[in-house]
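For the sequence shown, our numbering gives the first residue as 1, with consecutive numbering after it. Below is one structure, written out as structure tokens; comments come after it.
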Amino acid sequence: MEITNSIIGLDAILLLGDPRLRQVCEPVVPAEIAALQPWFDRMHQLILLFRKTYGRGRAIAAPQVGLLKRVVCLYIDEPQVLINPTFTQRSEEMFELWDDCMSFPNLLVRLKRHHSVQLHFLDQYGQSQTWNLEGDLSELLQHELDHLDGILALDYARNADDLKWVV
């Protein structure tokens, strides 16, 4: 997928302080999926644009673009859409990392995430999917699903030592 020459820009990503980032998102009704396709395309374009600008970025949650629906778009090797994702299992084993976010791109937050998870969701065609994820993909999807519940990585910071500004 190429970044198109549309008017879409990084200003389409909501930044820290926007109250919509704290909203709990509504589930997508299967009949809505077709109408949401333009949102999915836009979110995938934003991932690519963010990656081109910042050198990172693999996924974005719908509330980060002002869509208060339970949707995550992922772009690693190819564009993927996760609709109404839920964790069906989480490992007890945790690991610590510095987490970044498109909604506060110059701030890293040290936090702990589950090492592995099992994720159930509908794809963009309404087909049921289950993924078993470990490590960085497990962390990534935990971050994105937090967004769907109005939770930000900053909420996990224990103190100022868990925050790091980057340029």
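The beta-carbon is built from N, C-alpha and C at its ideal position, and this holds for glycine as well. Remember, it's a predicted structure, so these values are computed and weren't measured experimentally.
| Item | Value |
| --- | --- |
| Length of the line joining the Cα atoms of Leu48 and Asp149 | 24 Å |
| Opposing strand residues paired with Tyr75 [DSSP bridges] | Pro79 |
| First and last residue of the uninterrupted alpha helix (DSSP H) at Leu67 | Looking at the DSSP string, Leu67 is not in any alpha helix (DSSP H), and its letter there is neither H nor E. |
| C-beta atoms of Pro85 and Leu141 nearer than 9 Å | yes |
| C-beta contact flag for Cys195 and His143 at 9 Å | Any answer about residue 195 is impossible in this case: the structure gives the chain only from 1 up to 167. |
| Candidates Pro63, Arg51, Ala12 and Leu46, of which the one nearest Arg20 by Cα | Pro63 |
| Bounding residues of the alpha helix (DSSP H) (the contiguous stretch that carries Gln37) | Ile33 to Tyr54 |
| Sequence-distant residues of its chain with Cβ nearer than 8 Å to Leu14 (five each side left out) | Arg20, Leu21, Pro63, Gln64, Val65, Gly66 and Ser103 |
| For His120, the three-state DSSP class (helix, strand or coil) | strand |
| C-alpha gap between Asp41 and Glu93, whole angstroms | 35 Å |
| Short Cβ contact (9 Å threshold) for Arg110 with Asp99 | yes |
| C-alpha distance - Thr130 paired with Leu122, whole-angstrom precision | 9 Å |
| Integer Cβ distance of Leu68 from Glu26, believed to fall under 8 Å | 6 Å |
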